[in-house]
Amino acid sequence: MLGAMRSLLPPPDALLDHGTSALRTGSFRGGLPRLDFAQLAPGRMMRMTRQKRWLYVSMVADEVMVTVALVRLGYAANAFAFVYSRGEGRMLADRKALGLPLTARVSDEPALLVAEGRLPGAKVSMGRRSAGEALKVEARVGEVEVSASLDASGAPPPIAAIAMLPEGRAVATEKGALLAVRGEARVGGRRFSLDGGLGGYDYSNGLLPRRTVWRWGFALGRARSGERVGLNLVEGMSGAAECALWVDGEIEPLAEGRFTSVPGKPLQPWTVRTEDGAVDLRFAPGGAHEDNTDLRFLRARFLQPAGTYTGTIRRANGRVLEIDEVLGVTELQDVLW
Numbered sequence: 138m139l140g141a142m143r144s145l146l147p148p149p150d151a152l153l154d155h156g157t158s159a160l161r162t163g164s165f166r167g168g169l170p171r172l173d174f175a176q177l178a179p180g181r182m183m184r185m186t187r188q189k190r191w192l193y194v195s196m197v198a199d200e201v202m203v204t205v206a207l208v209r210l211g212y213a214a215n216a217f218a219f220v221y222s223r224g225e226g227r228m229l230a231d232r233k234a235l236g237l238p239l240t241a242r243v244s245d246e247p248a249l250l251v252a253e254g255r256l257p258g259a260k261v262s263m264g265r266r267s268a269g270e271a272l273k274v275e276a277r278v279g280e281v282e283v284s285a286s287l288d289a290s291g292a293p294p295p296i297a298a299i300a301m302l303p304e305g306r307a308v309a310t311e312k313g314a315l316l317a318v319r320g321e322a323r324v325g326g327r328r329f330s331l332d333g334g335l336g337g338y339d340y341s342n343g344l345l346p347r348r349t350v351w352r353w354g355f356a357l358g359r360a361r362s363g364e365r366v367g368l369n370l371v372e373g374m375s376g377a378a379e380c381a382l383w384v385d386g387e388i389e390p391l392a393e394g395r396f397t398s399v400p401g402k403p404l405q406p407w408t409v410r411t412e413d414g415a416v417d418l419r420f421a422p423g424g425a426h427e428d429n430t431d432l433r434f435l436r437a438r439f440l441q442p443a444g445t446y447t448g449t450i451r452r453a454n455g456r457v458l459e460i461d462e463v464l465g466v467t468e469l470q471d472v473l474w
């Protein structure tokens with residue numbers, strides 16, 4: 138596994154080496170290139186069954202955390218959206234939709250972050266018109282409606298990772314944080330302003346193993362000392378290669394995450410650390426998005442608690458950031474797809 142003191146490389150210009158066709162694995166400072174997995178999965182049927190793509194966008198403001206996601210599995214598609222209230226410590230709404238594969242599209246161009254879908258009970262449109270422009274989010278999933286823009290012009294660079302997985306599979310992922318948000322979310326008759334908030338995203342695309350398991354954590358907010366802070370940790374999947382801390386305009390690599398929770402009780406406090414101890418946080422959930430799907434060929438246990446992080450993060454320069462009730466999520470994914 139890559140360690141916390143690794144250097145982030147400039148991103149490659151292609152997924153595969155031009156000469157050898159080898160996967161250009163690594164941990165990168167900046168966005169992914171266009172992704173073409175055809176050489177790794179030459180058959181159309183293999184790509185249909187093995188390639189998974191998703192775009193997940195999270196926005197936090199004073200009152201709420203709002204999340205919108207669209208997933209394209211190849212043989213199915215799903216969308217979900219939720220609004221979590223910091224003050225009430227609970228989900229105000231959590232809705233999902235499942236559809237056929239042709240009802241959704243997630244682009245192979247990470248620079249544009251395009252994800253569009255019309256599923257039963259849901260309409261989602263996310264993306265940039267051109268690289269560098271604000272990411273627009275227009276979504277309705279059940280009674281959750283979101284209209285927002287996320288501007289990366291003043292944000293630190295994203296982290297990207299390209300990794301080999303078991304069964305000869307591969308994944309590419311890009312995470313961004315501390316984007317400036319404008320917009321609003323609506324739940325029933327309630328409206329929540331997102332103006333002045335912070336946003337982040339998870340774009341992932343790859344040929345994933347039949348069974349895939351990981352734990353993930355993401356947070357956006359401010360340290361007690363006032364800095365804007367973003368955190369992305371994962372245990373499993375691409376490991377340390379995608380783990381990062383954002384502080385104002387800077388990005389720093391982190392070691393792989395370690396997540397501890399009470400089995401069968403996801404709303405009990407979690408412990409979230411890195412393997413080197415630089416991150417030492419307690420996560421207090423207030424609600425959870427959950428999806429337990431069994432379609433015979435697809436069995437998924439997807440659990441994403443929402444709540445707040447409190448604790449400390451030791452930066453590369455030795456300085457310790459104190460985090461107090463910063464909004465975020467944890468996630469447990471165990472899926473046979």
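All letters in the sequence shown, in the order written, are residues 138 to 474 by the working numbering. Where is the CB? At the ideal position from N, CA and C, for every residue including glycine.
Check whether the Cβ atoms of residue i and residue j lie closer than 8 angstroms to each other.
i           : j           : result
residue 300 : residue 378 : yes
residue 213 : residue 235 : yes
residue 322 : residue 203 : yes
residue 403 : residue 425 : yes
residue 273 : residue 295 : no
residue 245 : residue 339 : no
To the nearest whole angstrom, what separates the beta carbons of residue i and residue j, a pair I think is in contact under 8 angstroms?
i           : j           : result
residue 164 : residue 146 : 7 angstroms
residue 287 : residue 318 : 6 angstroms
residue 409 : residue 467 : 7 angstroms
residue 446 : residue 418 : 5 angstroms
residue 345 : residue 233 : That belief does not hold up - the Cβ atoms of residue 345 and residue 233 are roughly 20 angstroms apart, past 8 angstroms.
residue 247 : residue 386 : Contact flag wrong, Cβ pair sits at about 21 angstroms.
residue 414 : residue 196 : The Cβ separation is near 30 angstroms, so there is no contact.
Locate the beta strand (DSSP E) running through residue i, then write down its first and last residues.
i           : result
residue 402 : Run containing residue 402: none; DSSP gives neither H nor E here.
residue 374 : No beta strand (DSSP E) contains residue 374, which DSSP labels as neither H nor E.
residue 417 : 416-431
residue 437 : 436-451
residue 346 : Residue 346 -> no beta strand (DSSP E), and no H or E assigned at all.
residue 215 : 214-222
residue 284 : 281-288
residue 474 : From DSSP, residue 474 is part of no beta strand (DSSP E); its letter is neither H nor E.
How long is the line joining the alpha carbons of residue i and residue j, rounded to whole angstroms?
i           : j           : result
residue 482 : residue 215 : Here the chain comprises residues numbered 138 to 474, so residue 482 is not present and cannot be evaluated.
residue 259 : residue 192 : 15 angstroms
residue 90  : residue 241 : Any property of residue 90 remains undetermined from this structure, which presents the chain solely from 138 to 474.
residue 140 : residue 227 : With a pLDDT of 44 at residue 140, under the threshold of 50, the predicted position of this residue should be treated as unreliable, though the coordinate-derived value follows. Going by the C-alpha atoms only, they are around 36 angstroms apart.
residue 138 : residue 460 : Note that residue 138 scores a pLDDT of 41, beneath 50, so its modelled location is shaky and nothing firm can be said.
residue 200 : residue 412 : 32 angstroms
residue 143 : residue 327 : 45 angstroms
residue 347 : residue 243 : 20 angstroms
residue 304 : residue 373 : 15 angstroms
residue 350 : residue 394 : 14 angstroms
residue 171 : residue 271 : 19 angstroms
residue 283 : residue 369 : 23 angstroms
residue 463 : residue 157 : 45 angstroms
Entirely enclosed beta strand (DSSP E) segments - the region 156-189, minimum 3 residues: Complete beta strand (DSSP E) runs here, min 3: 163-166.
Those runs of the beta strand (DSSP E) which lie wholly inside the region 290-340 and span at least 3 residues: Scanning the region 290-340 for uninterrupted beta strand (DSSP E) segments of 3 residues or longer gives 296-302, 306-324 and 327-330, listed from N- to C-terminal end.
Continuous beta strand (DSSP E) assignments of at least 3 residues falling wholly in the region 199-270: 201-209, 214-222, 227-236, 241-243, 252-256 and 259-264
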